[in-house]
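Worksheet for the structure shown next.
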Amino acid sequence: MPLIAPLDAHRLAADAGRTRPMPARTAGLREPGRLHLAAPLHALADVPAYRSAAMDGYAVRGPGPWQVRGAARPGSPYTGTALEPGDAVRIATGAVVPPGADRVVPWERTGTGPDGTIFPAMEPENRLHIREPGETHRRGALLASAGAELSPALRSLAAWTGHDQVQVRVQPRVAVIVTGSELDTAGAPAAGRVRDALGPLLSVLVPELGGQVVSEDYVPDDPGALGEALRARAADADVVVTTGMASHGEADHLRGVLADLGGQVLVPGVDIRPGKPQLLAALRGQPVLAGSGRGPLLVGLPGNPGAAMAACALLLAPVLAGMVGSARCRWVRLMPEEDRAFAGRAGRRWQLVSAGRNSSDEAPDSPAGAALADGLIGTQLEYRGWPLDGDELVLIPPRDAPGMPCLRWIR
1 MPLIAPLDAH RLAADAGRTR PMPARTAGLR EPGRLHLAAP LHALADVPAY RSAAMDGYAV
61 RGPGPWQVRG AARPGSPYTG TALEPGDAVR IATGAVVPPG ADRVVPWERT GTGPDGTIFP
121 AMEPENRLHI REPGETHRRG ALLASAGAEL SPALRSLAAW TGHDQVQVRV QPRVAVIVTG
181 SELDTAGAPA AGRVRDALGP LLSVLVPELG GQVVSEDYVP DDPGALGEAL RARAADADVV
241 VTTGMASHGE ADHLRGVLAD LGGQVLVPGV DIRPGKPQLL AALRGQPVLA GSGRGPLLVG
301 LPGNPGAAMA ACALLLAPVL AGMVGSARCR WVRLMPEEDR AFAGRAGRRW QLVSAGRNSS
361 DEAPDSPAGA ALADGLIGTQ LEYRGWPLDG DELVLIPPRD APGMPCLRWI R
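Here is the structure:
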C-alpha cells in the first residue's frame with residue numbers, strides 16, 4: 001500500500017477520531033486533567049454583577065470640591081444615602097459604586113484641603129473609571145465553543161461567570177501494548193537487552209494529549225501473544241496503542257495480526273523521516289466505550305523513540321483530539337525567518353524535527369551536543385532519540401514541494 005503524506009495522515013486520523021465521539025459527563029472546575037467541553041459554555045451571570053470601581057480613589061458627584069461621607073470596599077459597600085453634588089466616598093477597586101456617584105476620581109488626581117475637603121488636582125478626565133454591570137461579560141454570552149480545552153484560564157472564567165461544574169467529554173481510554181522480547185523495564189539493560197523507553201513516554205504523553213492510560217502490557221515478539229493482547233484490550237479501550245512490530249520485517253507481526261482480527265487499515269504508513277512504519281487501523285467486532293457503534297482505533301508506533309514521537313504527533317494526537325471534538329492539535333506556519341532556516345534542511349522526504357531549546361544551558365555529553373546547544377535538532381538526531389528534549393516539533397516538506405511551508409506542531 002502506498003505511503004500517506006504527513007498532513008493527509010493527520011487529517012485521516014482526526015476524521016477517524018471524530019467518528020467516535022466520546023460521551024459527555026459533568027466535571028467540577030477543580031478536577032485536574034486535560035478536559036474538553038462537550039457543549040458551548042455560556043456566562044450564567046453578568047460580570048461585573050454591579051456598578052464597580054475600576055480604580056482606587058473617590059466616588060464623587062459633581063465637579064468638586066467634595067466632602068467625604070464614608071468609605072466603600074469590596075464586600076463592604078457604602079451604606080449611607082445617595083450622594084448629592086459635592087459628596088464623595090472613599091472607594092477601593094472592585095467595590096460597589098455608591099448610588100448617586102457619577103464617576104470615580106483616582107487618588108493620584110486629587111488633593112486634600114486643610115479642612116479635609118477633597119478637590120481635583122488635575123484636569124478632569126473623560127474616563128469615569130466605573131465598570132457597568134455586564135461590561136466584561138453579559139449573562140448568556142458565549143465563553144467557549146464545544147471542544148475547547150478546559151484550560152486554567154477557562155476554568156477561572158467559568159467560575160467568574162457563575163459555574164461550579166461544566167459538561168466535558170469523557171477522556172478516551174488508551175490501552176498501551178509495548179512489544180519486544182528484548183525489552184527490560186527497569187535498571188540498566190544487560191548485553192543483548194534494550195531498556196524500554198516508550199512505556200514511560202506514553203504514560204505521560206497520553207494524558208497531555210487528552211487521553212487516559214487504562215492499561216500497559218508488555219508482550220514478546222510473538223503473533224499469538226500480540227493477538228491475545230489486542231483482543232483483550234480492545235474490549236475495554238477506545239484506542240489501543242502498540243509500540244514496535246509495525247514495519248514489514250520477519251519479526252513485525254502487527255499487520256498480519258490485524259488482518260486476522262478483521263481490522264481495517266486506515267493509514268498504512270507515512271512518507272516521513274523518522275516514523276515511516278506507523279499505522280492507523282480500525283478494529284472491528286469489539287465493544288466501543290464511546291457509544292458510536294464503531295470499533296476502537298489502533299495506533300501502531302514504531303519502536304524507535306524518535307519515530308514513535310513522530311507517530312504520536314501525526315496519528316495519536318489527532319485521534320484523541322477528534323474523539324473529544326478538539327481543534328487544538330494542529331499545524332501552524334512558522335515566521336518567515338524560521339521557515340527559511342528549516343527549509344534549508346529539506347531532503348527527499350518529509351521530515352519531522354525537534355526545534356525546542358534544551359532545558360539545560362549546557363549541551364548533553366554526546367555527538368549531538370553541538371546541535372542541542374544551538375537549540376536546533378536535526379533529522380539524524382531524531383534517530384538517536386533526541387526529539388524528547390525538544391519542546392516543539394517542526395514538519396519540513398521535501399525539496400520537490402516548492403512553495404510548501406514548514407509547519408510547527410501545536411499540541
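In the UniProt record's numbering, the protein residues as written are 1 to 411. Even glycine gets a Cβ: it sits at the ideal position worked out from N, Cα and C. Predicted model, so just to flag it, every value in this text is computed and none were measured.
When the Cα atoms are used, what is the spatial distance from residue i to residue j?
i, j, result
"L395", "D8", "13 Å"
"R345", "Q351", "9 Å"
"S215", "V178", "11 Å"
"residue 477", "F119", "Outside the shown range of the chain (1 to 411) lies residue 477, about which nothing can therefore be said."
"A159", "L320", "27 Å"
"P364", "S354", "Since pLDDT at P364 reaches only 47, below the 50 mark, its modelled position is unreliable, and the value read off the structure follows with that caveat. Using only the alpha carbons, I get a separation of about 15 Å."
"D339", "C406", "6 Å"
"G390", "A310", "Note that G390 scores 48 on pLDDT, short of 50, meaning its location in the model is unreliable and no value can be drawn from it."
"A370", "D222", "Because A370 carries a pLDDT of 35, less than 50, the predicted location of this residue cannot be relied on, and no value is offered for it."
"A45", "R131", "15 Å"
"A282", "R294", "8 Å"
"E31", "L150", "10 Å"
"R333", "P398", "16 Å"
"I377", "P48", "Any reading at I377 must be qualified, since the residue scores a pLDDT of 35, below 50, and its modelled position is unreliable; the value itself is stated next. Near 48 Å, if we compare the C-alpha coordinates of P48 and I377."
"W66", "V324", "58 Å"
"Q264", "R284", "8 Å"
"G192", "H248", "22 Å"
"R139", "N126", "28 Å"
"A27", "H163", "11 Å"
"P99", "A72", "12 Å"
"R408", "M335", "10 Å"
"L198", "D15", "26 Å"
"G116", "A148", "54 Å"
"P207", "L157", "23 Å"
"A54", "R103", "10 Å"
Can you round the beta-carbon distance between residue i and residue j to whole angstroms, since I take them to be within the 8 Å contact cut?
i, j, result
"G33", "Q165", "The Cβ separation is near 14 Å, so there is no contact."
"A317", "R411", "7 Å"
"Y78", "G70", "5 Å"
"T242", "L261", "Actually they are not in contact, since the Cβ atoms of T242 and L261 sit about 12 Å apart, beyond 8 Å."
"Q278", "L297", "That belief does not hold up - the Cβ atoms of Q278 and L297 are roughly 13 Å apart, past 8 Å."
"residue 433", "A237", "The displayed coordinates of the chain run from 1 to 411. Any statement about residue 433 would go beyond what the structure contains."
"A146", "L37", "5 Å"
"G180", "V168", "Contact doesn't hold; Cβ gap of about 36 Å is too wide."
"A144", "L128", "Not a contact, Cβ separation roughly 30 Å."
"G111", "A121", "4 Å"
Of all Cβ atoms in chain B, is any one closer than 8 Å to the Cβ of residue i?
i, result
"G263", "Judged by its chain identifiers, the structure shown contains no chain B, having just a single protein chain."
Measuring alpha carbon to alpha carbon, tell me which residue in the options is nearest residue i.
i, options, result
"R61", "V47, G80, P77 and V89", "V89"
"D217", "D196, A158 and H248", "D196"
"V219", "P63, A144 and A229", "A229"
"G75", "G134, S52, Q278 and L157", "S52"
"R20", "G322, M404, D339 and P405", "G322"
"R11", "R330, P189, V239 and I91", "R330"
"A82", "A92, G162, R73 and V97", "V97"
"V267", "L314, H42 and R73", "L314"
"R349", "A341, K276 and M55", "K276"
"E123", "L301, A27, G306 and P63", "P63"
"S173", "G80, R18 and A234", "Per the sequence shown, residue 173 should be read as Arg rather than Ser. Here the closest residue by C-alpha is A234."
"V257", "G187, G227 and A188", "G227"
"A259", "R231, I272, H129 and D271", "R231"
"A5", "G269, R169 and P65", "G269"
"H42", "Q212, L29, V68 and T161", "T161"
"P305", "Q212, A251 and L205", "L205"
"R18", "H248, V239 and E250", "V239"
"P2", "D400, T110 and D271", "D271"
"G403", "A343, G347 and E392", "A343"
"G224", "L393, V68, C312 and D252", "D252"
"G113", "L183, A95, V68 and V213", "V68"
"H137", "T93, G303 and Y50", "Y50"
If you follow the alpha helix (DSSP H) that residue i is in, where does it begin and where does it stop?
i, result
"E228", "P223 to A234"
"V319", "A317 to M323"
"L12", "P6 to R18"
"A82", "No alpha helix (DSSP H) holds A82; DSSP gives it neither H nor E."
"A72", "That residue, A72, is in no alpha helix (DSSP H); its beta strand (DSSP E) goes Q67 to A72."
"R340", "P336 to A343"
In terms of residue numbering, what span does the beta strand (DSSP E) encompassing residue i cover?
i, result
"E216", "Q212 to V219"
"G256", "Run containing G256: none in the beta strand (DSSP E); it sits in the alpha helix (DSSP H), L254 to D260."
"G249", "Run containing G249: none; DSSP gives neither H nor E here."
"L266", "Q264 to V267"
"D87", "D87 to I91"
"L198", "Here L198 belongs to no beta strand (DSSP E); instead the alpha helix (DSSP H) covers L198 to E208."
"G306", "Run containing G306: none in the beta strand (DSSP E); it sits in the alpha helix (DSSP H), P305 to A311."
"Q278", "Neither: Q278 is in no beta strand (DSSP E) and is coded neither H nor E."
"L395", "L393 to I396"
"T26", "A24 to G28"
"Y58", "G57 to V60"
"V353", "W350 to S354"
Say yes only if the C-beta of residue i is nearer than 7 Å to one or more non-hydrogen atoms of the ligand HEM, and no if none qualify.
i, result
"D8", "Summarising the ligand content, the structure contains no ligands, and the ligand HEM is consequently not present."
**Message:** As an exercise, report each continuous alpha helix (DSSP H) stretch of at least 4 residues that is fully enclosed by the segment 106 to 175, in chain order.
**Reply:** 152 to 160
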